[in-house]
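Numbering (UniProt numbering), first residue to last: 1 to 516.
All C-beta atoms, glycine included, are put in the ideal place defined by N, C-alpha and C.
Nothing here was measured: the structure is a model prediction, and the numbers come from that model.
Written out below as structure tokens is the structure these notes cover.
As structure tokens, this is what we get:
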């Protein structure tokens, strides 16, 4: 058997599955595309998570755009995190060109442009379905980890949530949380200490600064009502395809803490809401996170542990998470070890540090006699990748150098008019984009403090009246208006008589000579 025949046999044995699959391309050997060595992804194991990595311009974003299309066709809903702003085009049909024609000829496939059912979501004021969550839904543990607080400060946060629960004070947005925080550190300190124990002013001050830091990254827009229901990410379109939700977060690249906050809350909510499913024939939802380093670069140890835990557990809910980043080392080792699918586009070696990363990356892939992995990573062309996945038995497939299919949808952004059309026809915009201003902790505590101030003023006035002695009969007569008028008249007469006796009584203001 020739080396090529052995290669084709190894690929066919490794990438033939019983269940439903998505074709992503064909394997290559010695720079040649082998059309019969087809590469498929089994839907059954796509809840095992994955990684798409590679240098800028290698085609990694288009790879998961293409995979998202296949999932939608298989009635699997998808959530795409559009960090760079170039994924909205999945709602429009692609256009063929010479490069696409040549690629599909080598793959011996037909290119068929297609549109896909899309909802545009937003965390900010951009056009789309508004995503929000209340502070109460975060809960004290998750909020503590997001803010990076220590155990003592986390205890104060837990106490605040308990106080609000006990006194029916809804925590909807950060304004509510800040108001309660200020209250427990000042006017309400004695009240809370009597029930919940001592509260450190230093702790409340630190927590307040952390919350303000989160506000400065735009979190006020995210916290509040109406809360987004994660079940709406798992919808099927009217034609039976999975809905593709494109979360437009192009304005969050310089606000990683807000992005991490949203991601962790959403994953926690999905885990809490979705029932245990085990390994299904196909996943209930797949999430693609572009520029994944934004989640990890400023994450605290506690936050990383929370992400690690959720990644481990959420696959049993039928949900798969796929990270997309330039460097595989951007993803913590504890998370990287849980990613069953790996699609590695080209890496470039410009420095000694780059060569070290490439060597480490090559070691993450199964050993193969067909490729020199460490060298091949630096030689991959645009739209080529090294691929390995978990088969239906959970065993890694042979490493394959793959010529990837291109997306059938537009590989560019939508126009403003096209975005308006999608937003105007969205079933979710009417549900979530209305402004709700429910009376919550801020309004209730403000009213409480105002009433307390009014009561204090009323008590002070009453006390002053009680302290003032009763007027005597002589004082009552003296204070009588008529008596006062008679006394003024008599006083004027006396003064005038006195002035007259001094020789001044006959002069008036109209006299030719002044008094002085």
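- If you draw a straight line from the Cα of residue 427 to the Cα of residue 348, it comes to about 44 Å.
- Taking every protein chain shown into account, the CB of residue 177 has 16 or more other CB atoms within 10 angstroms, so this residue is buried.
- Residue environment for residue 136: buried (at least 16 other C-beta atoms within 10 angstroms of its C-beta).
- Where residue 344 is concerned, the enclosing beta strand (DSSP E) starts and stops at 341-344.
- Taking C-beta atoms as the reference points, residue 59 and residue 293 fail to come closer than 8 Å.
- Setting aside the 5 residues that flank it on each side, residue 160 is surrounded in the same chain by 180, each with a C-beta closer than 6 Å to its C-beta; the list follows chain order.
- Membership of residue 263 in the alpha helix (DSSP H) is indicated by the continuous run 256-273.
- Counted as a single uninterrupted DSSP element, the alpha helix (DSSP H) harbouring residue 205 occupies residues 201-216.
- A distance below 8 Å separates the beta carbons of residue 260 and residue 295.
- The three-state secondary structure of residue 293, taken from DSSP, is helix.
- Residue 48 places its beta carbon less than 8 Å from that of residue 340.
- Contact annotation: residue 128 and residue 144 have beta-carbon atoms that are not nearer than 8 Å.
- When Cβ pairs closer than 8 Å are counted between the two stretches, the segment 112-119 is seen to touch the segment 401-410, the count reaching three or more.
- The beta-carbon distance between residue 224 and residue 173, rounded to whole angstroms, is 4 Å. This is short enough to meet the 8 Å contact definition.
- Between the alpha carbons of residue 94 and residue 391 lies a distance of about 31 Å.
- At a cut-off of 4 residues, the continuous stretches assigned as alpha helix (DSSP H) that sit fully inside the segment 97-146 are 98-107.
- In the three-state scheme derived from DSSP, where H, G and I count as helix and E and B as strand, residue 228 is classed as coil.
- When the Cα atoms are used, residue 209 and residue 150 turn out to be separated by approximately 14 Å.
- When the five nearest sequence neighbours on each side are left out, the beta carbons in the same chain lying within less than 6 Å of the beta carbon of residue 70 are those of 22, in order along the chain.
- Under the DSSP assignment, residue 325 falls in the beta strand (DSSP E) whose first and last residues are 319-325.
- In this structure, residue 332 and residue 364 do not form a Cβ contact; the two beta carbons are roughly 13 Å apart against a cut-off of 8 Å.
- Nearest Cα to residue 191 within the set 157, 215, 27, 163: 163.
- In the structure shown, the three-state DSSP call for residue 288 is strand.
- Here residue 422 carries a helix assignment [DSSP, helix/strand/coil].
- According to the DSSP assignment, residue 310 belongs to the alpha helix (DSSP H) that extends over 301-314.
- Beta-bridge partners assigned by DSSP to residue 248: 82, 122.
- Contact between residue 310 and residue 78 fails: their C-beta atoms lie close to 19 Å from each other, not under 8 Å.
- If you look at residue 40, you'll find it in the beta strand (DSSP E) that goes 32-42.
- Residue pairing from DSSP places residue 223 in a beta bridge opposite 133.
- For residue 120, the closest of 96, 92, 142 by C-alpha to C-alpha distance is 92.
- Taking C-alpha positions only, residue 219 is separated from residue 89 by approximately 28 Å.
- Between the segment 265-282 and the segment 221-235, the count of C-beta pairs closer than 8 Å reaches three or more; the two stretches touch.
- In this structure, residue 399 lies away from residue 432, with their beta-carbon atoms at least 8 Å apart.
- Looking only at 175, 447, 110, 102, the smallest Cα-Cα distance to residue 134 is reached by 175.
- In this structure residue 25 touches residue 39 by the C-beta definition: roughly 5 Å separates them, less than 8 Å.
- When 375, 397, 196 are compared, the shortest CA-CA separation from residue 342 is found for 397.
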